[in-house]
Amino acid sequence: MRKKFLKTLVCLILLLTFCCMSLTGCGAEKKKDTSGKVEIYTSIYPFAIDMMAEKLKEEFPELDIEFFYGGTGTLQTKLAGEMETGTLGCDMMLVAEPAYSLELKEEGWLHSFAVENADTLLRFPYDPDGYWYPVRVCNMVLAYNPELYSPEELPATFYDFAYDESLKGLISMGNPLTSGTTMAAIAALSDKYGYEYFEALGRNDVMIESGSTALAKLQTGECKVIMILEESVLKERKENGSELACIYPEDGVILMPSTVMIVDEEKSLNMNTEACEQIARWMLSEEGQQLILEAYMHSVAANTVETPYDSVDTDRLIAQDMGVDWERCYKEREEIRTKFQEYVTVE
Amino acid sequence: MASITIRNVNKSFDNTMVLKDFNETIADGEFVTLLGPSGCGKTTMLRMIAGFERPDTGEILIGDKVVSSGKTFLPPEKRGIGMVFQSYAVWPHMTVFDNVAYPLTVQKLKKDAIRQEVERVLEIVHLTQYAERVPSQLSGGQQQRVALARALVARPQVLLLDEPLSNLDAKLRESMRFEIKEIQTRLGITVIYVTHDQAEAMAMSDRIVLINDGVVQQSASPAELYDHPINQFAADFLGKVVFLKGEIRDGRIHPDGTDQTLRYDGNRQGRIELALRPERISLSTESGELEGVMVSRFYLGDVSDCRVRVGSVDFRVIAPPETFYRLNPGDRVFLTLREKLLFDEDGSLEDKLRIRT
Amino acid sequence: MQGQRKDRFDRSEARCRLILFVLVLVSVGLIWGGAWGVRKYAGSGFDAEDGFLHIEELSKAIDRLYDDSFQPELDAMGTEAASAFLDRGYDLLLSQWEEATGKEMQSALDEYLSAAEGDAYAEKLCKLLCVTCSVSGTKLPSSEMKSVFSLSSAEKAAFRENLTACISGDSDTLSEIAAAVCAEAETEDRHAVLIRLWFATAGDSAEALPTEHLNGLKKAVRDPEARILAYEMTADGAINGFTRFFLSNSKTITLSGLLFFADLLLLMLLMARTRSWVMDWKWVLILLIVDFMLAFQVLPLVYLIAKAFFPEGKFTFEVFKRLYTYPMNLDALKNTLISAAATMVFGTLLAFPLAWLVGRTNLYGKRFFRSLFVMTYMVPPYVGAMVWLRLLNPNVGTINKVLRLIFQLGDTPGPLNIYSLGGLIWVLTTFYYPYAFITISRAMEKMDPTLEEASRISGASSLKTLLRITLPLMTPSLIAGALLVFVCAMSCYGIPSIIGAPGKVHTVTTRIIEYNGLGAQGLSDATGLAVFLMVLAIAILFLSDFVVAKKQFITVSGKSTQPKQVDLGKWRIPITILVSLFAVVVILIPFTTILLTSMKTDVGKSVFAAGNFTLSQWKTIFSRKETLDCLKNSLTFGAAAATIGIFVACAMSYLLQRTKVRGRKIPDFLITLGSGTPSVVIALGLIMTMKGDFGINIYNTAYIIIIAYLIKYLMMGMRCVVSAMSQTHVSLEECSQISGASWFRTMFRITGPLILPSIAAGWFLIFIPCFYELSMTTLLYSNTTKTLGFQLYEYWTFTSQPQSCAMAFGILILVVLLNLLLNKITKGKFAI
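Protein chains in written order, with our numbering: chain F, 1 to 347; chain Z, 1001 to 1357; chain B, 2001 to 2832.
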């Protein structure tokens, strides 16, 4: 009796396995290249991707759009691997580190396209040859927990963040190896304050971890102040009613106009640049920018008064912007990374 | 040296009764065997004496000391007993010497004293030259002797043996029997021996406690047990036996299956069961109590094992070896029963008739 | 009679030899054909082998088009018009080719066309033109194209006539549609556009040439000169299917051919050795397994090592020198070794007494504790690390807060700091001691209890018996368990990445992942580090399996007596309390923390604070489509790996237990090696070799993940089945054989059912770690193959702590349920 039962169970399991496998379709890379497919690599947060996918479905019902989500570092590695084979695995990219666009343009991976009235439409720089355009603005700021500490006790500048010794062991930031925005931020900071800034960070025992971990540490009080993207804080405030607040550093916020890039047709996955252009234009449209705002990021469209939930006026931030030398960010990326590693992540 | 007293011990495992109302006293220096078929509870009893199991009720005393009772329980290491296991339980990671010396090292004796004692016992079991060997280099018999030496080295009051010879081959078994008995007599230790082999029990014991299904059937010397078994089980378990049902009428025994009758001088009436020892039936071509026909005979070297049919009943007879040559199947033979054991059909011994020729 | 028998035997022997011979020929044929294909492919300049496939399909389509449209229409044009048409076409073709290559192409074109005369010339030119225009050049506006194909056949015919006339210069008025197309094309000259339109609208269906293959060809052949070659091949006509097969799969064929050939050689060697030329299907099965291991395990690992020593083709220690003189790497090395060693020591120190207490004494609640202690094995280590962070961080860790309160330490950070080597060791220990616990428990159960009883009766107390008898006898298992813990701790990624990194404690595994994120050079650096781990793992495994195992004392008891329980006496309650305390600290507190955190909004506040309790995290898990997809993936991959794995395990255990073949230890060693190799290394190796360089391209598919799981976790199931088979007596099978049953039947009707509980247990032992695996999935996943473990990692890194806690607890519940299921099926005989 038991043997029979066991036998049946084994058969069922095997059956289940085969059914699942056939249903899954096993995610094989070799899809049919029917027109109307677009693959987008992006480091936008999954919830934002969901929103965007929905809107795009409405806007382009005949298009089959797939998003691949990964952190900037992951995407860069994936792309590096794919570059060796000569074709990329995507048609479009929305990556957080703007300097990456410069790099890809120089290496000839991108497809240029025109956007009407770009100079009046956008309030951030775009590539004159049409290889990339900014679609969203990430904003690196400091954050704290007003329920545990008052702003007077806390640093008002990025400089103090590193140099104020009372913060030792109580600060946190992202990992520039995996996070494109953090990479941009440290490029800007090393620009402004030199590599000694990294040394100071190291002396202050800054913790290197993901944004969500850092936020949790703010909540528990394990960290007093953290360097984080404004959008993460705004999301917490809106969705969970959190009290966590941003400090807009007086020595400048770090604005990162993240770009949209279309892969050169010959080198893209589905060779559907027409559709990609339409998508990119949609992103720059009012509707697209509305979505960006809902995803807690600032809009790139000029004359937009609206800000993401609870934030500060964008134009004011632009005025305060610390400014990043994007060329240097990408040309000296290795050096910046290595210096950071050596000063900050080693005892 | 001490006596062992077991009073009113009961034990069950998982709702199965393993031992029932066990009451025994083993005198100092006695060699007592717990005998019975597999699963009868003899090993359990032994382990209770050793201290590896606790009785549900009752008490066990070694000498005057209560070692197991409802209130007290003395752990095995404090009982001063030696034990030999069926699987020898010789430790593979120690030499013979270390194995045997172990009980003494536990007592923290001085090295010289230990050496002396170990050599003494190794001498007794004839293993002196193997002292530095490792068990994996020894044969089964030698390992068993190591176990024995280890059990004896601390001069225990009592020695327990749990089927120690059942893993050895026949010839070795026989010789070890005598060795063990000889050691016991020489040292005068009280021994409790567990086995299912009745020949072994008979050869070595002063007394045999026969157990079946957790109940003591009979507790007596081998001779007593053999000659006066208390019931069919006892008769059957020791030696060979032939059972025959019948009836007592008009002063004679009428066995079922034949018209012939046997003499009877007792007081019983009604249905009985006859138990006959094959070696106590005489075979003759001339005369006897019963007349029958030889059916088959087997030559066993020292005896002839014969089957004789009387009426519709087959008698097994152990006859002298020449019978094999002198008599053939189909011959008419006569049987004389030198000894008859009678039991009620429910098994109690009432009568015994012994005719000596 | 004898002669007849010999005859029959000879015949089957001869048959066997014949079959083998034929197979050898086939394999040689494969190798030869494959090699030819490889050479052809290398010379073609194609980027992908399947270019040949697309060429074939396009060829067929063009042939059809030519027969259906081009030829009749050309004929209808009349000789003069046709030749003018063709001249125009020639010009267009030439300009396209020269534009593409930037070189002078006339001679090449003429050479190609010179072979053909008259009609054949027209045919060649047309086909060339058709394919060139379709592949290169900008696309024609889709709306116009659609309208063309929605014309009725009469209208279409008229449209094409008009086109033809315009192209050959006979007419100047274009049809509406054609005019519209011309207007849209800004730069190209009118004729060119018209000609392209003419070719594109041929035939009846919405696309003249199948887009799938057009795009495929574009991708497979990028170099412009190679493209031209491709056009010529297309125009030449369809390659026959057989040739095409060899061309487009040349590498795979060569590889398979080589393996097949090697197998046959081995088979023949075996047969010659045993002098029995009968086809024994067992060997085939086993050879298949060896092949699999060779292709998917040995190859990647060897490749890795080769890459590390030969980064650019020359043998060099450069990579190693550079890597190992970098202080951060040296640091990482040191940390890895220290933490692994410490974990090994502490883990074993913990596991042994626990195993003894739970297995041999009358501790209260033994069965409960046993399941509990094994529970941490079922939890992703990542999760535990998250929790210990919460509990032991120096600033506001819960345990620290409590300690400070108890010992009046004031407000300074500490006393315990999780962000340290010590913290890392602590978490590693709590996670990996179950491995030692399980190994030791098993061995303890099998030990002959009379060995301990003899010690007791000799006067030694329980404690003394434990130390002087049990412990020495258990030493081989202790060592095996300890080494297992060492290897696991050393290969762990999840825990050091969460705990180590913030505290600047790096390990080799975290460095590998970091290097992996640095592009191509990073990859080879990662390899260099990986080699270190691999070598260490191999050395240890070798030690454990071949040295220690030899010293095993055979202690399996004969009589099946219950092992005597040691009575703890007056120590019973205190020890139970101690053990409970341990269980609470190591298991209950972390798990409860996970559960509570999963229900908070604000991590810093208590779950009972106003407004802080929420089930939204849990809702999200069950509602997000992605989570369900991940669950499906996890189940599928795990089940696939487990099922295949158990088949392999059964075959292997048969090989090991029931045969005396020389070299049967080799697959066993390979399998053990696989499990000892750090996950990261396996994944890296697979990435580098499975992208098509060796003919197998499973990168970004589910297969690569399943294979990775298989390699890593096969051993667990195998050990289970092997031990079960060793306990089933061979006489049972021999009896079946004598009764006339074939080997397969015996396996399925006799052995199988007898060891079925072990098979089930082995299945689960493979399934469960695959289910929540993280390290390999991080490197091998693609959009459609994300698993639960990976989803957890994503939640942790990018979403929120409460969300990831909910996920983690969910996984835990699932795994516990599965374990209960296992328990039920095997009637309690096998729980992990």
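Just so it is clear, CB atoms sit at the ideal spot from N, CA and C, and this is done for glycine as well.
Please report the Cβ distance between residue i and residue j, rounded to the nearest whole angstrom; I am assuming they are in contact, meaning their Cβ atoms lie under 8 angstroms.
i          : j          : result
ILE262(F)  : MET92(F)   : 5 angstroms
LEU148(F)  : TYR131(F)  : LEU148(F) to TYR131(F), Cβ: 46 angstroms. No contact.
TYR144(F)  : VAL260(F)  : About 33 angstroms separates the two Cβ atoms, so there is no contact after all.
THR2376(B) : PRO2434(B) : 5 angstroms
Could you tell me which of the options sits nearest to residue i, measuring between CA atoms?
i          : options                                           : result
ALA2192(B) : VAL2026(B), HIS2054(B), TYR2090(B) and SER2775(B) : TYR2090(B)
TRP1091(Z) : SER2455(B), GLY2717(B) and LEU2686(B)             : SER2455(B)
LEU2258(B) : PHE2694(B), PHE2764(B) and THR2243(B)             : PHE2694(B)
LEU2217(B) : MET2447(B), ALA2048(B), ALA2306(B) and ALA2724(B) : ALA2048(B)
ASP1315(Z) : GLU1132(Z), LEU1034(Z), GLU1279(Z) and ILE1189(Z) : It is worth fixing the name first, because residue 1315(Z) is Phe in this sequence and not Asp. Selected option, being the one with the closest Cα: GLU1279(Z).
ARG1150(Z) : ALA1170(Z), VAL1106(Z) and ASP1259(Z)             : VAL1106(Z)
ASN2253(B) : LEU2463(B), ARG2039(B), SER2083(B) and LEU2354(B) : As written in the sequence, residue 2253(B) is Ile, which differs from the Asn given in the question. For ILE2253(B), the nearest C-alpha among the options comes from ARG2039(B).
LEU2266(B) : VAL2284(B), THR2173(B) and LEU2255(B)             : VAL2284(B)
LEU1148(Z) : ILE2457(B), PHE2245(B) and ALA2526(B)             : ILE2457(B)
GLU1291(Z) : TYR1299(Z), ASP1250(Z), GLN1260(Z) and GLN1086(Z) : GLN1260(Z)
ASN2249(B) : VAL2131(B), GLY2638(B), LEU2053(B) and GLY2397(B) : LEU2053(B)
PHE1097(Z) : ARG1249(Z), GLN1184(Z), LEU1109(Z) and PRO1135(Z) : PRO1135(Z)
LYS2060(B) : LEU2209(B), GLY2045(B) and SER2616(B)             : LEU2209(B)
For residue i, which residues from the same chain have a beta carbon less than 6 angstroms from its beta carbon, with the 5 sequence-adjacent residues on both sides left out?
i          : result
THR2787(B) : CYS2630, ASN2633, SER2634 and THR2777
GLY2676(B) : VAL2487, ALA2537 and LEU2541
ALA2235(B) : LYS2124, LYS2127 and LEU2128
SER2782(B) : ASN2700
GLY169(F)  : ASP205
ASP1331(Z) : MET1294
Can you list, in chain order, the residues of its chain whose CB lies under 8 angstroms from that of residue i, leaving out five sequence neighbours each side?
i          : result
TYR1226(Z) : MET1202, LEU1238 and GLY1239
THR2746(B) : GLU2733, SER2736 and GLN2737
ALA1220(Z) : ARG1207, ILE1208 and HIS1228
ARG1356(Z) : Low confidence applies to ARG1356(Z): its pLDDT is 32, below 50, so where it sits in the model is not reliable, and the reading given next is rough at best. These residues qualify, in order along the chain: ARG1338.
ASP33(F)   : Residue confidence for ASP33(F) is low, a pLDDT of 32 falling below 50, so the modelled location carries little weight and cannot support an answer.
Leaving out five residues on either side along the sequence, give the residues of the same chain with a beta carbon under 7 angstroms from the beta carbon of residue i.
i          : result
ARG2088(B) : ILE2167, HIS2191 and ILE2195
ILE2469(B) : LEU2451, GLU2452 and SER2455
PHE2809(B) : ILE2594, LEU2595 and SER2598
GLU336(F)  : In the sequence on display, residue 336(F) carries Ile and not Glu. Taken in chain order, the residues that qualify are ILE186, ALA187 and SER190.
For the segment 1289 to 1315 of chain Z, list the beta strand (DSSP E) runs that are entirely contained and at least 3 residues long, ordered along the chain.
Segments of the beta strand (DSSP E) lying fully in the segment 1289 to 1315 of chain Z: 1290 to 1299 and 1304 to 1310.
Members of the segment 2040 to 2060 of chain B that neighbour chain F once the beta carbon cut-off is set at 9 angstroms
The residues in question are ASP2047, ALA2048 and ASP2050.
Any C-beta of chain B within less than 7 angstroms: which residues of the segment 259 to 289 of chain F qualify?
For the segment 259 to 289 of chain F, the set of residues with a beta-carbon nearer than 7 angstroms to any beta-carbon of chain B comprises GLU266 and MET271, in chain order.
Chain Z contacts made by the segment 2453 to 2473 of chain B, where a contact means CB separation under 9 angstroms
Residues passing the 9 angstroms Cβ filter: GLU2453, ALA2454, SER2455, ARG2456, ILE2457, SER2458, GLY2459, ALA2460, SER2461, SER2462, LYS2464, THR2465, ARG2468, ILE2469, PRO2472 and LEU2473.
Looking at chain Z, which residues of the segment 2348 to 2372 of chain B have a Cβ within less than 9 angstroms of any of its Cβ atoms?
Within the segment 2348 to 2372 of chain B, no residue has a Cβ that lies closer than 9 angstroms to any Cβ of chain Z.
Beta strand (DSSP E) runs wholly inside the segment 1075 to 1116 of chain Z, at least 3 long, in chain order:
Runs of the beta strand (DSSP E) inside the segment 1075 to 1116 of chain Z: 1081 to 1084.
What residues in the segment 1067 to 1093 of chain Z bring their beta carbon closer than 9 angstroms to a beta carbon of chain B?
Residues of the segment 1067 to 1093 of chain Z with a C-beta atom less than 9 angstroms from some C-beta of chain B are PHE1073, PRO1075, PRO1076, GLU1077, LYS1078, ARG1079, GLY1080, ILE1081, GLY1082, MET1083, VAL1084, PHE1085, GLN1086, SER1087, TYR1088, ALA1089, VAL1090, TRP1091, PRO1092 and HIS1093, listed in chain order.
Selection of the segment 2782 to 2803 of chain B by Cβ proximity to chain F, strictly under 9 angstroms
Within the segment 2782 to 2803 of chain B, the qualifying residues are SER2782, ASN2783, THR2784, THR2785, GLU2794, TYR2795, TRP2796, THR2797, PHE2798, THR2799, SER2800, GLN2801, PRO2802 and GLN2803.
Name the residues in the segment 2424 to 2436 of chain B whose C-beta lies less than 8 angstroms from a C-beta of chain Z; which are they?
The segment 2424 to 2436 of chain B vs chain Z, Cβ under 8 angstroms: nothing.
Which runs of the beta strand (DSSP E) spanning at least 3 residues fall entirely within the segment 1222 to 1252 of chain Z, listed in chain order?
Those beta strand (DSSP E) runs which fall completely within the segment 1222 to 1252 of chain Z and span 3+ residues are 1242 to 1249.
Give the list of continuous beta strand (DSSP E) stretches no shorter than 3 residues that lie fully inside the segment 225 to 310 of chain F.
The segment 225 to 310 of chain F contains these whole beta strand (DSSP E) runs: 225 to 229, 245 to 247 and 254 to 262.
Members of the segment 2638 to 2658 of chain B that neighbour chain Z once the beta carbon cut-off is set at 7 angstroms:
Of all residues in the segment 2638 to 2658 of chain B, none comes within less than 7 angstroms of chain Z when Cβ atoms are compared.
Counting only runs that start and end within the segment 2237 to 2269 of chain B, where is the alpha helix (DSSP H) found for 4 or more residues in a row?
Listed in chain order, the alpha helix (DSSP H) elements of length 4 or more contained wholly in the segment 2237 to 2269 of chain B are 2241 to 2248.
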